[in-house]
Amino acid sequence: MTIVLARNSPTEVVASTVGPLGELLGEARVLPFAQLAAFVAEREGRPEAERWVWSDSSRWYGDLLSAGVRVRRCHDLRLSHAILRNSTLTAHTAFARSEPTDWSLPAEPLSAHVVPAHSTLFDLGETMASGRGAANEDSVAEYRRQLMALSEVPDAGRLRLLLAAESVGALIAAEMRHAGLPWRTDVHDAILTEELGPRVPYGTRPARLEELAGRIRDILGDQSVNPDSPQNVLKALNRAGLMITSTNRWELAEQSHPVIAPLLEYKKRARLLTANGWTWMDQWIVNERLHPDYVPGGAATGRWATSGGGALQLPRQVRAAVTADPGWKLVVADAAQLEPRILAALSADTAMAAAGRGTDMYAGIVASGVVESRDHAKVAMLGAMYGATTGESGRLMPKLTRAYPRAIRLVEQAARAGERGELVTTWLGRSSPAPGEEWREAQRRASQPGANAAEESRARSRAREWGRFTRNFVVQGSAAEWALCWMGEIRNSLHAIQQRSSTPPARRAAASGAVFESIPHLVFFLHDEIIVHTPEEHADEVAAAVTEAAAFAGRLLFGDFPVDFPLGIAVVDRYADAK
DNA sequence: CGGTTCTGCCAC
DNA sequence: AAACGTGGCAGAACCG
Numbered sequence: 001m002t003i004v005l006a007r008n009s010p011t012e013v014v015a016s017t018v019g020p021l022g023e024l025l026g027e028a029r030v031l032p033f034a035q036l037a038a039f040v041a042e043r044e045g046r047p048e049a050e051r052w053v054w055s056d057s058s059r060w061y062g063d064l065l066s067a068g069v070r071v072r073r074c075h076d077l078r079l080s081h082a083i084l085r086n087s088t089l090t091a092h093t094a095f096a097r098s099e100p101t102d103w104s105l106p107a108e109p110l111s112a113h114v115v116p117a118h119s120t121l122f123d124l125g126e127t128m129a130s131g132r133g134a135a136n137e138d139s140v141a142e143y144r145r146q147l148m149a150l151s152e153v154p155d156a157g158r159l160r161l162l163l164a165a166e167s168v169g170a171l172i173a174a175e176m177r178h179a180g181l182p183w184r185t186d187v188h189d190a191i192l193t194e195e196l197g198p199r200v201p202y203g204t205r206p207a208r209l210e211e212l213a214g215r216i217r218d219i220l221g222d223q224s225v226n227p228d229s230p231q232n233v234l235k236a237l238n239r240a241g242l243m244i245t246s247t248n249r250w251e252l253a254e255q256s257h258p259v260i261a262p263l264l265e266y267k268k269r270a271r272l273l274t275a276n277g278w279t280w281m282d283q284w285i286v287n288e289r290l291h292p293d294y295v296p297g298g299a300a301t302g303r304w305a306t307s308g309g310g311a312l313q314l315p316r317q318v319r320a321a322v323t324a325d326p327g328w329k330l331v332v333a334d335a336a337q338l339e340p341r342i343l344a345a346l347s348a349d350t351a352m353a354a355a356g357r358g359t360d361m362y363a364g365i366v367a368s369g370v371v372e373s374r375d376h377a378k379v380a381m382l383g384a385m386y387g388a389t390t391g392e393s394g395r396l397m398p399k400l401t402r403a404y405p406r407a408i409r410l411v412e413q414a415a416r417a418g419e420r421g422e423l424v425t426t427w428l429g430r431s432s433p434a435p436g437e438e439w440r441e442a443q444r445r446a447s448q449p450g451a452n453a454a455e456e457s458r459a460r461s462r463a464r465e466w467g468r469f470t471r472n473f474v475v476q477g478s479a480a481e482w483a484l485c486w487m488g489e490i491r492n493s494l495h496a497i498q499q500r501s502s503t504p505p506a507r508r509a510a511a512s513g514a515v516f517e518s519i520p521h522l523v524f525f526l527h528d529e530i531i532v533h534t535p536e537e538h539a540d541e542v543a544a545a546v547t548e549a550a551a552f553a554g555r556l557l558f559g560d561f562p563v564d565f566p567l568g569i570a571v572v573d574r575y576a577d578a579k
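201 is the number that UniProt numbering gives to position 201 of the first sequence; each next residue is one higher, with no gaps.
Structure below.
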């Protein structure tokens with residue numbers, strides 16, 4: 001059954017049951033927000049899984065989770081709209097060719113600090129009520145238009161899978177934000193104290209940094225040096241005779257001067273303080289949980305982005321603070337060499353897939369005699385996917401091209417398409433954005449008869465730049481699709497484990513408002529890795545399910561093509577212990 | 001003074 | 001060794 005939920009007024013929801021073409025089945029029900037959670041919970045209590053269609057999962061589902069209600073399936077209209085409007089597969093449809101509407105706008109970010117507490121049913125709708133405008137949502141009509149667009153695509157199987165994967169990703173994002181990543185503030189504080197000295201008020205330098213700043217000034221014989229100011233440091237180092245043009249780490253590291261070591265150490269520690277210091281901890285860790293605001297589909301390639309919390313860049317330095325609760329474990333898994341494996345499958349390059357038969361594809365490439373070392377294999381593969389032309393990576397390209405012609409042809413063709421300003425499309429059907437007007441104008445000018453050399457060279461350089469983007473887009477975007485399928489299947493398996501387990505399910509949890517209090521659940525996702533927080537007794541079962549889900553995702557996308565997706569996987573107490 | 005851009009570094 | 005993709009973020013630097 002499919003039920004479209006839409007905001008009817010600032011205080012009401014309309015729930016419309018619809019059929020396969022989005023046609024209304026029976027009367028729509030109007031509910032006050034206060035009754036929505038009970039309504040959804042009742043439908044979710046039935047054996048058959050409803051599909052909830054709504055504008056924006058982060059709002060609708062965030063509210064439901066706060067009220068203690070989990071759902072199994074949804075269709076996220078806004079995320080699906082973005083895919084269907086831009087895909088080359090739907091480019092011929094009225095849906096893609098019509099003028100953009102409000103549905104074409106990105107979801108509004110959740111307000112900075114609605115960290116999911118366990119609110120009561122009474123609060124439900126607060127997030128919804130704060131959404132864009134007060135206008136009613138025309139969700140049924142939009143759903144119908146999307147179904148219509150899909151029906152106009154000859155072979156829409158992959159596109160349908162993409163919309164389902166994108167939508168389940170949005171559910172998972174909301175669930176992970178709700179549950180939060182277990183975070184020990186005492187461990188975090190101990191790391192900071194060890195690296196920086198005891199906590200000091202915001203705006204003052206901790207002892208360890210003060211001491212390093214003193215040493216830097218003494219060595220340079222200049223007490224006015226401020227190591228936090230790149231400009232100031234650059235001038236001071238130039239005065240000291242160092243021929244550098246910036247103060248970035250690699251340029252400094254090339255110099256031999258006694259000030260370099262303390263300066264690099266200062267920068268390292270200062271970074272920890274500003275990015276993940278006490279201020280960050282106070283702001284983002286609530287009740288020993290990090291609640292990052294994931295943005296599914298936030299990157300053009302379909303990768304997730306985040307806004308706030310910095311979950312895309314949790315430095316290794318602080319990962320020891322990510323610690324399972326007593327009696328619980330973290331199952332940490334990452335896909336080994338995901339992107340090259342995806343490339344092998346996209347291009348049906350059986351030689352490259354064969355090199356990935358073991359757990360280390362780079363070792364497999366060496367074993368096949370393509371290059372001499374694992375480092376070479378890695379830098380060559382990354383160069384092929386990123387479009388490297390110079391350096392070691394560029395020099396190794398011919399060897400790779402000889403060994404894996406199909407794979408390399410695929411990325412080269414994607415690059416050439418981008419250079420011509422064309423769109424490229426992932427395995428499941430997400431297309432790259434078109435280059436901007438400025439880009440097109442530059443290309444037009446350069447191709448005019450009177451164009452000067454500078455214009456031509458600038459245009460060529462912009463074209464190659466866009467080619468590197470589209471080259472990477474097909475691989476990165478298809479890898480993101482695999483990851484969504486992997487995670488969606490993990491979610492299904494965890495649900496099944498919960499159903500089988502003696503610790504009973506959602507109903508009791510729902511009553512307490514804590515949807516994930518006693519069951520294994522995903523708590524972290526980053527491009528090709530996941531963390532599940534699980535009661536210890538389920539840890540091995542969870543690890544097996546995560547592993548099987550990777551194989552499942554491979555079959556779902558690539559059918560019988562013999563490509564493996566091995567994982568690095570560990571059952572640990574602390575994230576830092578995983579690899 | 002507040003808003004925007006730049007620099008540098010974190011993650012994959 | 002330093003050029004090769006996607007992001008976020010803090011603080012400095014710049015600008016009207």
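All C-beta atoms in this analysis are idealised placements derived from N, C-alpha and C, irrespective of residue type, glycine included.
Residue i, buried or exposed, once every other Cβ within 10 Å from all chains shown has been counted against 16
i    : result
W250 : exposed
E481 : buried
D560 : exposed
P116 : Only weak support is given to the placement of P116: the predicted model assigns it a pLDDT of 45, under 50, and the question is left unresolved by the model.
Q499 : exposed
T470 : buried
A415 : buried
M243 : exposed
L110 : buried
P206 : buried
P435 : buried
Where the alpha helix (DSSP H) containing residue i begins and where it ends
i           : result
K235        : 230 to 239
T534        : Where T534 is concerned, there is no enclosing alpha helix (DSSP H), although the beta strand (DSSP E) it sits in stretches over 529 to 535.
A459        : 453 to 500
T274        : 260 to 276
V542        : 539 to 558
L252        : 249 to 253
R316        : Element bounds for R316: n/a, residue is neither H nor E.
residue 585 : Lying outside 1 to 579, the shown extent of the chain, residue 585 is not represented and no answer is given.
Cβ-Cβ distance between residue i and residue j below 7 Å
i    : j    : result
L77  : G429 : no
A149 : T93  : yes
D56  : A6   : no
I217 : Q223 : Just to set this straight, residue 217 is Arg in the shown sequence, not Ile. Contact flag set, yes.
A576 : A320 : yes
W439 : E288 : no
A37  : L64  : yes
L290 : L181 : yes
V572 : I490 : no
W328 : H533 : yes
R144 : L196 : no
L252 : A236 : no
A336 : T359 : yes
L272 : Q313 : no
V411 : S393 : no
P296 : A311 : no
S447 : I342 : no
Boundaries (first-last residue) of the beta strand (DSSP E) holding residue i
i           : result
P32         : 29 to 32
residue 603 : It is not possible to answer for residue 603, since the shown part of the chain is limited to 1 through 579.
V571        : 567 to 572
V332        : 328 to 335
S9          : 2 to 9
F525        : 521 to 525
Q) What are the complete alpha helix (DSSP H) segments, minimum 4 residues, inside the region 341 to 398? A) 350 to 355, 361 to 367, 374 to 386
Q: With a floor of 4 residues, list each alpha helix (DSSP H) that falls wholly inside the region 131 to 207, ordered by position along the chain.
A: 139 to 151, 157 to 179, 185 to 196
**Q.** Segment contact, 8 Å Cβ cut-off, at least three pairs: the region 150 to 169 with the region 63 to 81
**A.** yes
Q.
Quick check for students: name the residue ranges of the alpha helix (DSSP H) that lie wholly in the region 28 to 91, counting only runs of 4 or more.
A. Look at the region 28 to 91 and you find these whole runs of alpha helix (DSSP H), each 4 residues long or longer: 33 to 44, 57 to 66, 77 to 86.
(Q) Does the region 223 to 242 come into contact with the region 260 to 276, if we say contact requires no fewer than three beta-carbon pairs (one atom in each stretch) closer than 8 Å? (A) The region 223 to 242, when compared against the region 260 to 276, does touch it at the 8 Å Cβ threshold.
Q. Just checking, does the region 560 to 575 make contact with the region 291 to 306 on the three C-beta pairs under 8 Å criterion?
A. The region 560 to 575, when compared against the region 291 to 306, does not touch it at the 8 Å Cβ threshold.
(Q) Three or more C-beta pairs under 8 Å: does that hold for the region 485 to 499 against the region 542 to 554? (A) yes
**Q.** Validate contact between the region 356 to 365 and the region 373 to 388 using beta carbons, cut 8 Å, 3 pairs
**A.** At 8 Å Cβ cutoff, the stretches touch.
Q) With contact counted as at least three CB pairs below 8 Å, one residue from each stretch, are the region 400 to 409 and the region 349 to 359 in contact? A) yes
Q.
I'd like to know if the region 31 to 50 and the region 8 to 15 are in contact, where contact means that at least 3 CB-CB pairs between them fall below 8 Å.
A. Yes, they touch.
Q. If we count Cβ pairs, one from each stretch, closer than 8 Å, do we get three or more for the region 152 to 159 versus the region 42 to 58?
A. They do not touch, by the three-pair rule.
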